[in-house]
Amino acid sequence: MAPAFNDSHLYDRLDRSIQTLERLHANQARIAALIASQLQQCHAIAEDLGADHPWSSDKEIIYRSVAAEVGAANQIPDRTMEFQMMDAACLVEDFPNTHVALLEGKIQARHARAIQNAGARIKDPAMRTDYELEVLSHAPTTVGKLQAIAKRLAAAYDPHTIEERHKEAKKTCHVSVFQLEDGLAELSAVLPAAQAFAIKDRLDQYAYAANDAGVPIKDADNYGIDLVKDTGLSTSEKAHATRIRLAQLRAKFLADLLIAGEVVCGDSCPPNCGTQADGKRIPGTGCGGISNIQGRVMVTMPALNLLPSEQAARIRKEESLYRHAGLDGPAQLAGYGPVDNLTAQQIVGHSKTWLRLFIDPIKADLMQVDRYRPSQKQRSTLMARDMHCRFPGCTTAVFACDLDHTVDAALGGQTSNNNLEHLCRRHHTLKHQGNWNVNQTEQGNLEWISPLGKRYQEPPPSTGMFQPPIDRSKYPPPNPVPSYPDISTQPRAKTQPRAKTQARNKSQDPVKQHGTPAANVIDYSAEPPF
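Taking the UniProt record's numbering, I'd label the letters of the sequence shown as residues 1 to 530.
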């Protein structure tokens, strides 16, 4: 039974607070854009001051001096300020559409950072603009989800293959240990994404299986593990204690696997723990059950990547729109983003089941899934469509989610693809007990309705993988941003830095360029409380 939310006075207060936060966040974004504009001006001034000096060492000293001047005035270390100036110049000059969206309060600074970081590898200005516009079309979402989209699109627009980038990146793989207080240490590993996600999933499965079985845990005291007691705990306290215990179990089983080579359940378990009379394992019970658990990952691999390289190259040359039909582009690791095709092919090659996705060539929607083994076809379709929990902002993988009826079966809801979605246990509970409602369209789009009546759109994550080409005519270019030649490789004529800087300041005034702030942006020139 969902708790009642009948106090209209408290809900009115909550609604007002939410509206105020929305305005504050929009204004915070505008301030971040204005700060970036001024830092870009400082960057340009530093370059102008060094323009007449032939030696790169002189230019560097001048730039550092300007950074120190700006940093001292703002209580920021000069090295940090130097980085901020260059970073702001990159945003304003290389990603002008993102800068404008930030100025208008349409995205937050962290969204802009995600777009900029992922797209920095794209050197061609026209391709970078196409990438930027395509990512911004997905921007009304959380930073985590936008990061995944940005990485995927940047990989598609980058002229360097993901195999080349992955080969270079793998050189940074390492394991580190950091000392912590009170007898603890932190073990950190940088691994290829597929292996890292598989390890995490396997540890998750171990932890859930051991927790559900309620068996005694060997060396539990070494990891602070204690059974969650029902007595005297509220629902929220029990849930919190369970989360802590699952985290401790993951750490315990990681140590077991790396040191002993197998998971160890408990001292009191019999030798045949988790097995039937015929010796077969019982999944999820005792030592024997969880020792068979394997890590799981899901990759979406475009069809062209399964063809011989020469044949795929010929098809790509003949038709450049294959990427937009979902047939080309890098493979995608669920919950992460693009991975190299060799890794994806190895995963696919060892998989017992392949799913074939059929994409609407016009709308780019996932239409259906054909499974070479037809059992659980519906579940497989929904896993390919959803990829993770469908609550706004949540990216819990489908492996750890419940398959929920949008409209309860008890209320007449059908068990069909248009009435099912994956929800993690936390948000599954919130839907049924927290007065959150959800509607679903035929394309798998969800509309969440909060207790306050606010509506949040949640398109299926798979849709963004098969978008049609960007129509740049729909996106008028932002006001031109002056370009600055690379002074380290190009000679520059003598200039008057002060006059040049004043002209640039005039052309770069974002308020003059883009007019007054949007209605939902606070005007700090007004009297408080704004």
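Beta carbons are placed, not taken as given, at the ideal position from N, Cα and C, and that holds for glycine. These numbers were taken from a predicted model, which means no experiment stands behind them.
A check of alpha carbon separations from Arg385 across Asp124, Gly105, Pro460 identifies Pro460 as the nearest. Excluding residues up to 5 positions away in sequence, Ala207, Ala210 lie with their Cβ nearer than 6 angstroms to the Cβ of Leu249 in the same chain. Excluding its 5 nearest sequence neighbours in each direction, Thr343 has C-beta neighbours in its own chain below 6 angstroms: Ala194, listed in chain order. Proximity to Tyr63 across Leu10, Glu442, Ser17, Gly50 peaks at Gly50, based on C-alpha coordinates. CA-to-CA, the gap between Lys123 and Gly144 works out to about 24 angstroms. Taking 8 angstroms as the cut-off, the Cβ atoms of Ala400 and Cys424 count as close.
For His160, the three-state secondary structure derived from DSSP is coil. With fewer than three CB-CB distances shorter than 8 angstroms, the stretch 129-136 does not count as touching the stretch 167-176. For the stretch 139-213, the full-length alpha helix (DSSP H) segments reaching 4 residues or more read 143-157, 162-169, 193-213 along the chain.
Per DSSP, Gln440 lies in no alpha helix (DSSP H) segment; the continuous beta strand (DSSP E) that holds it begins and ends at 437-440. Secondary structure of Glu104 (DSSP, three-state): coil. Secondary structure note for Tyr131: its alpha helix (DSSP H) is the uninterrupted segment 125-136. A residue is called buried when at least 16 other Cβ atoms come within 10 angstroms of its Cβ; Gly71 meets this threshold and is buried. For the pair Arg121 and Glu458, the Cα-to-Cα distance works out to about 29 angstroms. The three-state reading of DSSP puts Gln41 in helix, counting H, G and I together. Inclusion of His432 and Arg390 in the CB contact set at 8 angstroms is not warranted, their separation being larger than that value.
Of the other Cβ atoms in all chains shown, 16 or more fall within 10 Å of the Cβ of Ala155; this residue is therefore buried. Taking each of Ala88, Ser8, His174, His99 in turn and checking the Cα distance to Gln41, the smallest one comes out for Ala88.
In the DSSP assignment, His240 falls within the unbroken alpha helix (DSSP H) covering 235-255. Relative to the Cα of Asn445, the nearest Cα in the group Cys173, Gln84, Asn419 belongs to Asn419.
By the criterion of a C-beta distance shorter than 6 angstroms, His25 is surrounded by no residue of its chain, once the five residues flanking it on both sides are discounted. When the alpha-carbon of Leu34 is set against those of Ala101, Asp78, Gln440, the nearest one is in Ala101.
Taking the Cα positions, Ile162 is about 43 angstroms away from Gly434.
Cys394 is not a Cβ neighbour of His428, given a cutoff of 8 angstroms. Per DSSP, the unbroken alpha helix (DSSP H) holding Arg64 starts and ends at 56-73. Distance between Pro392 and His160, taken at the CA atoms: about 33 angstroms. For Val339, the closest alpha carbon among the candidates Arg165, His388, Phe83 is that of Arg165.
Assigned with DSSP and collapsed to three states, Leu446 falls in strand. Residue state for Arg390 is assigned as coil, using DSSP reduced to three classes. Proximity to Asp201 across His405, Ala241, Thr396, Lys151 peaks at Thr396, based on C-alpha coordinates.
Here Ile107 is buried: its Cβ has 16 or more other Cβ atoms, across all protein chains shown, within 10 Å.
For Asp340, no beta strand (DSSP E) segment is defined, and its DSSP state is neither H nor E. Between the C-alpha atoms of Phe197 and Phe83 there is a straight-line separation of about 32 angstroms. For the set Gln443, Glu442, Gly453, the Cα lying nearest the Cα of Trp436 is the one of Gly453. Under DSSP, Arg455 forms a beta bridge with Ile449.
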